[in-house]
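Student:
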Amino acid sequence: MLSSIIGCIGSILYGLALVFNSPATLFICRVLIGLSGSINLFLEYYAVTIGKKKLKENINTIWAIGTLGLGFGPIASASIGYIFGDLLGLYPQNNKLFNTVTIPGWFMACLYLTQAVIFCFAFKAPTKHEHAVYRELQRKQMPSDNKSVAPISMIDVVVLGALLFCIFAAGVGVGGIETRTAFVAQAQNEDHTSDAIAWSWNTNWTGLYLGLFFTIFAVGSYLYGKILKKARVSNRCWLMLNVSALVVSCIMFFDFSGIFPSGSIALWSVGFLIFGLAAANYRGDAIAMALHRCPNHWVSTYSAMITLCSSLGRATGPMGATYIGSGYMHQSVFASLLIGIFGAAALLMGVLYKQLDPSR
427 MLSSIIGCIG
437 SILYGLALVF
447 NSPATLFICR
457 VLIGLSGSIN
467 LFLEYYAVTI
477 GKKKLKENIN
487 TIWAIGTLGL
497 GFGPIASASI
507 GYIFGDLLGL
517 YPQNNKLFNT
527 VTIPGWFMAC
537 LYLTQAVIFC
547 FAFKAPTKHE
557 HAVYRELQRK
567 QMPSDNKSVA
577 PISMIDVVVL
587 GALLFCIFAA
597 GVGVGGIETR
607 TAFVAQAQNE
617 DHTSDAIAWS
627 WNTNWTGLYL
637 GLFFTIFAVG
647 SYLYGKILKK
657 ARVSNRCWLM
667 LNVSALVVSC
677 IMFFDFSGIF
687 PSGSIALWSV
697 GFLIFGLAAA
707 NYRGDAIAMA
717 LHRCPNHWVS
727 TYSAMITLCS
737 SLGRATGPMG
747 ATYIGSGYMH
757 QSVFASLLIG
767 IFGAAALLMG
777 VLYKQLDPSR
């Protein structure tokens, strides 16, 4: 309930940000919205109650819901913008900011309010017995009640750190490609200061494009979770396969306009499709492996570190996807940066491949 209320307040302020005309207000809004979605609490609760060994089978299925939200947002923004703008003629003074700030803000506020009402009337408070069961499960993971816990080895620390970097890289990739795709789709050929490709779409078409692809990513992540339940392949193999697919897909983000002047949309879309599916699966694999490898008494702290690295990646990706100095980043530089960060993640996983053995 508290997280829903905080999210609702943050979303309302976000929807009013254009009225206040204050970047500080936008920053505070994003912080409040971030506080309302504490993924680390979910990861800890899931690891404690369901069991860390089952994360491999279930995390991607659950993570698909979050990816679906990334697709639902742009579609909702585009649909509302089309209804109020194209059909009713109620164009705001700044259509682009209205579609990317005002509409999402008020829409999220409605969702958080609906969530609060559902929590209030449709959910029952846990019984005393359920509280006792969870406290007992949690107690077994606390170091003060588990004196016989063996100290963690240095190689385990290195592996856990490497997996955090992989999660950070996934955040950079998702945030970066989402932002860069929106920029490429809406950019006018005469607007940017580099020779990056530009599709000259409006915000409605861009929202539908992003929404469609993220919906595909969500379905792919859900089906991938189903495959993991049946496949007898270790998580480390899937992790290496997905990070390899990420590196290969980034090649399609280079500026080939001189070779394929009319095929940039198709080439980018193919790369975006492969990248998005691989990134969604790669992130789930890394999180499941990280929590499985994490010692029981580190679960609370480590799940918070997972959320921190993912959030830092999501914040870093959009910054690296658009601006460098006073101009836009060159298309090929953006692709090279993605190849660099995922290449480093692949190298880490290759060096530590034996230590990633799930039986450890």
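Numbering (our numbering), first residue to last: 427 to 786. Glycine included, each C-beta is placed from N, C-alpha and C at the ideal position. All of these numbers come straight from a predicted model, not from anything done at the bench.
Taking the alpha carbon of HIS718 as the reference point, which residue from PHE609, LYS656, PRO744 and LEU782 has its own alpha carbon closest?
Tutor: The residue you call residue 718 lines up with position 292 of the sequence shown. Among PHE609, LYS656, PRO744 and LEU782, the Cα nearest to that of HIS718 is on LEU782.
Student: With a threshold of 7 Å on Cβ separation, who are the neighbours of LEU763 within its own chain once the five nearest residues in sequence on each side are excluded?
Tutor: Start at 1 with the first residue of the sequence shown, and residue 763 comes out as number 337. Around LEU763: GLY746.
Student: Taking the alpha carbon of TYR508 as the point to measure from, which residue in SER437, ASN628 and GLY597 has its own alpha carbon closest?
Tutor: Counted from its first residue, the sequence shown places residue 508 at position 82. For TYR508, the nearest C-alpha among the options comes from ASN628.
Student: Which of the three DSSP states is assigned to PHE609 in this structure?
Tutor: Here residue 609 is taken as the residue at index 183 of the sequence shown, counted from 1. Residue state, collapsed to three classes: helix.
Student: Helix, strand or coil: how does DSSP classify LYS652 here?
Tutor: The sequence position of residue 652 within the sequence shown is 226, counting from 1. DSSP places LYS652 in helix when its eight states are reduced to three.
Student: Name the two residues that bound the continuous alpha helix (DSSP H) containing ASP711.
Tutor: Along the sequence shown, one-based indexing puts residue 711 at 285. Unbroken alpha helix (DSSP H) run through ASP711: 690-719.
Student: Buried or exposed, going by whether 16 or more other CB atoms sit within 10 Å of the CB of ALA657?
Tutor: Translated into positions along the sequence shown, residue 657 becomes position 231. Looking at its Cβ environment, which holds fewer than 16 other Cβ atoms inside 10 Å, ALA657 is exposed.
Student: Report the rounded CA-to-CA distance for TYR538 versus SER462, giving the unit in angstroms.
Tutor: As a working mapping, residue 538 is identified with position 112 in the sequence shown. As a working mapping, residue 462 is identified with position 36 in the sequence shown. TYR538 and SER462: Cα-Cα distance of roughly 9 Å.
Student: According to DSSP, is MET534 helix, strand or coil?
Tutor: Residue 534 sits at position 108 when you count from the first residue of the sequence shown. The answer is helix: DSSP assigns MET534 an H, G or I state.
Student: What's the call for GLY684, buried or exposed, on a 16-neighbour Cβ count within 10 Å?
Tutor: Here residue 684 corresponds to residue number 258 of the sequence shown, with the count starting at 1. When all chains shown are included, GLY684 counts as exposed.
Student: With a Cβ-Cβ cutoff of 7 Å, do ILE732 and ILE593 count as a contact?
Tutor: The residue you call residue 732 lines up with position 306 of the sequence shown. The residue you call residue 593 lines up with position 167 of the sequence shown. Result yes, Cβ atoms of ILE732 and ILE593 sit closer than 7 Å.
Student: Please confirm whether ALA789 and ALA595 have their CB atoms less than 7 Å apart.
Tutor: In the structure as shown, the chain starts at 427 and stops at 786, and residue 789 therefore has no counterpart that could be examined.
Student: Assuming the contact rule is C-beta atoms closer than 8 Å, THR607 and GLY497 should be a hit. Round their C-beta distance to whole Å, please.
Tutor: Taking the first residue of the sequence shown as position 1, residue 607 is located at position 181. Taking the first residue of the sequence shown as position 1, residue 497 is located at position 71. That belief does not hold up - the Cβ atoms of THR607 and GLY497 are roughly 13 Å apart, past 8 Å.
Student: Over the uninterrupted alpha helix (DSSP H) stretch that includes PRO577, give me the two end residues.
Tutor: What you label residue 577 is simply residue 151 of the sequence shown in a count that begins at 1. It is not in any alpha helix (DSSP H) - PRO577 carries neither H nor E in the DSSP assignment.
Student: Taking the alpha helix (DSSP H) that MET666 falls in, what are its first and last residues?
Tutor: Along the sequence shown, one-based indexing puts residue 666 at 240. Start and end: 661-676.
Student: Identify, in the order they occur along the chain, each residue of the same chain with its Cβ nearer than 7 Å to the Cβ of LYS780, setting aside the five sequence neighbours on each side.
Tutor: Here residue 780 refers to the residue found at position 354 of the sequence shown. For LYS780, where only same-chain residues beyond five positions count, there are no Cβ hits under 7 Å.
Student: Grab me the residues of GLY435's own chain with a C-beta within less than 7 Å of its C-beta, minus the 5 sequence neighbours each way, in chain order.
Tutor: Counting from one through the sequence shown, the residue named residue 435 turns up at place 9. The question names Gly, yet the displayed sequence has Ile at residue 435. Around ILE435: LEU458.
Student: Please say whether ALA502 and PHE533 have beta carbons closer to each other than 7 Å?
Tutor: Here residue 533 refers to the residue found at position 107 when the sequence shown is read from its first residue. Here residue 502 refers to the residue found at position 76 when the sequence shown is read from its first residue. Closer than 7 Å, so yes.
Student: To the nearest angstrom, how far is it from the Cα of ILE383 to the Cα of ALA730?
Tutor: Residue numbering for the chain in the displayed model covers 427 to 786; residue 383 lies beyond these limits and cannot be assessed.
Student: Please classify ILE767: is it buried, with 16 or more other beta-carbons within 10 angstroms of its beta-carbon, or exposed?
Tutor: The residue you call residue 767 lines up with position 341 of the sequence shown. Buried is the call here.
Student: Under 8 Å, with one C-beta from each stretch per pair, do the segment 657-669 and the segment 692-699 reach the 3-pair mark?
Tutor: The answer is no - the segment 692-699 does not touch the segment 657-669, with fewer than three Cβ pairs under 8 Å.
Student: Just to confirm before moving on: does the CB-CB distance between PHE643 and ALA706 stay below 7 Å?
Tutor: To locate residue 643, count along the sequence shown from 1; it is residue 217. To locate residue 706, count along the sequence shown from 1; it is residue 280. Contact: yes.
Student: Should ASP711 be labelled buried (16 or more other beta-carbon atoms within 10 Å of its own) or exposed?
Tutor: Residue numbering aside, residue 711 sits at position 285 when the sequence shown is read from its first letter. Buried, since its Cβ has 16 or more Cβ neighbours within 10 Å.
Student: Measure the alpha-carbon distance for THR727 versus ALA714 and round it to whole angstroms.
Tutor: Within the sequence shown, the letter at position 301 stands for residue 727. Within the sequence shown, the letter at position 288 stands for residue 714. Answer to the nearest angstrom: the Cα atoms are 15 Å apart.
Student: With burial defined as no fewer than 16 other Cβ atoms inside 10 Å of the residue's Cβ, what is the status of THR493: buried or exposed?
Tutor: Here residue 493 is taken as the residue at index 67 of the sequence shown, counted from 1. When all chains shown are included, THR493 counts as buried.
Student: Do LEU774 and ALA588 have their C-beta atoms closer together than 7 Å?
Tutor: Looking up residue 774 in the sequence shown gives position 348. Looking up residue 588 in the sequence shown gives position 162. Yes, Cβ-Cβ distance for LEU774 and ALA588 is below 7 Å.
Student: DSSP three-state call for TRP627: helix, strand or coil?
Tutor: Mapped onto the sequence shown, residue 627 falls at position 201. It is coil, neither helix nor strand.
Student: Rounding to the nearest angstrom, what Cα-Cα distance links PHE591 and CYS735 in this structure?
Tutor: As a position in the sequence shown, residue 591 is number 165, starting the count at 1. As a position in the sequence shown, residue 735 is number 309, starting the count at 1. Distance between the alpha carbons of PHE591 and CYS735 is about 7 Å.
Student: In chain order, what are the residue ranges of uninterrupted alpha helix (DSSP H) at least 4 long that sit wholly in the segment 719-748?
Tutor: The segment 719-748 contains these whole alpha helix (DSSP H) runs: 725-748.
Student: Taking all protein chains shown into account, do 16 or more other C-beta atoms lie within 10 angstroms of the C-beta of PRO500, making it buried, or fewer, making it exposed?
Tutor: To locate residue 500, count along the sequence shown from 1; it is residue 74. By the 10 Å Cβ count, PRO500 comes out buried.
Student: Can you tell me which of GLY743, ALA443, LEU654 and VAL543 puts its alpha carbon nearest to the alpha carbon of SER429?
Tutor: Against the sequence shown, residue 429 aligns to sequence position 3. Looking at the Cα atoms, VAL543 is the closest of the given residues.
Student: Would you kindly report the start and end of the unbroken alpha helix (DSSP H) that includes GLY766?
Tutor: Working through the sequence shown from its first residue, we reach residue 766 at position 340. Element bounds for GLY766: 757-777.
Student: How about SER675 and ILE700: are their beta carbons less than 7 Å apart?
Tutor: As a first step, residue 675 is located in the sequence shown; it is residue number 249 there, counting from the start. As a first step, residue 700 is located in the sequence shown; it is residue number 274 there, counting from the start. Taking 7 Å as the Cβ cut-off, SER675 and ILE700 qualify as a contacting pair.
Student: Taking a contact to mean a Cβ-Cβ separation below 7 Å, would you say THR605 touches PRO449 in this structure?
Tutor: The residue labelled residue 605 in the question sits at position 179 within the sequence shown. The residue labelled residue 449 in the question sits at position 23 within the sequence shown. Not in contact: THR605 and PRO449 (Cβ atoms no closer than 7 Å).
Student: Can you tell which of LEU665, GLY739 and ILE431 has its C-alpha closest to the C-alpha of GLY597?
Tutor: Position 171 of the sequence shown, counting from 1, holds the residue named residue 597. Cα-wise, what sits closest to GLY597 is GLY739.
Student: With C-beta atoms as the reference, is GLY531 less than 7 Å away from SER437?
Tutor: Counting from 1 along the sequence shown, the entry for residue 531 is found at position 105. Counting from 1 along the sequence shown, the entry for residue 437 is found at position 11. Yes, Cβ-Cβ distance for GLY531 and SER437 is below 7 Å.
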